[in-house]
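Enquirer: Here it is, the structure, as structure tokens.
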Amino acid sequence: MMEEIKNKIQKALDVVGFDSLRIETDEKEEKITIVIRDRVVSPTRTPELVSSITHLARQIAKEKHIHISVDVNDYRKERETLITKLARAAAKKAAVTNGAVPLPAMNAYERRLVHTELSMNPNVHTESEGEDKERHVVVNPADN
């Protein structure tokens, strides 16, 4: 099943003509990873491209409960690093000021990164607040 889905995604994305396209499957984790490198992709358009390719791949794999991960020109990796640094800085600020530190709105994956990164920090706790596109993480000192 995974190879069939991988082949369908490969066929759809081959039409675009990226410089480099790699699709990996992990049967055990039920995960498909798509890694794209292309010198023509504008950095300002990369988030939209990642979102669009993720949507396309999910439509191809629909109802199969497969996790799809897409990275274009290391955007996702760099974004994860940025969010991790932001989470650590917010934790320090919350602990020092003894006050809540709200982070910018993030998607579910990014919020999960923050929660996971700070879960072992005994000085703070995190919670998600807001609705839809405004959903964000608030980092609170452990006492609150």
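The opening position of the sequence shown corresponds to residue 1 in UniProt numbering, with each subsequent residue numbered one higher. Cβ atoms here follow ideal geometry from the backbone N, Cα and C, with glycine treated the same way.
According to DSSP, which residues form a beta bridge with P47?
Expert: Note: P47 sits in no beta bridge, so no partner.
Enquirer: Can you grab the Cα-Cα spacing for the pair L82 / K8, in whole Å?
Expert: 33 angstroms
Enquirer: Nearest CA to the CA of D71: which residue from D26, R135, V35?
Expert: V35
Enquirer: Using alpha carbons as the reference points, say which of K28, L86, I68, M2 lies closest to S51.
Expert: I68
Enquirer: Looking only at its chain, what residues have a beta carbon closer than 6 angstroms to the beta carbon of A57, apart from the 5 residues adjacent to it on each side?
Expert: I9, I68
Enquirer: Using the beta-carbon count (16 or more within 10 Å), is N107 buried or exposed?
Expert: exposed
Enquirer: Count the other CB atoms, across all protein chains shown, that sit within 10 Å of the CB of A46; report buried if there are 16 or more and exposed otherwise.
Expert: Reading off the sequence shown, one finds Thr at residue 46, where the question assumed Ala. Burial call: buried.
Enquirer: Given that a residue counts as buried once 16 or more other Cβ atoms are within 10 Å of its Cβ, and exposed if not, what is R76?
Expert: It counts as buried.
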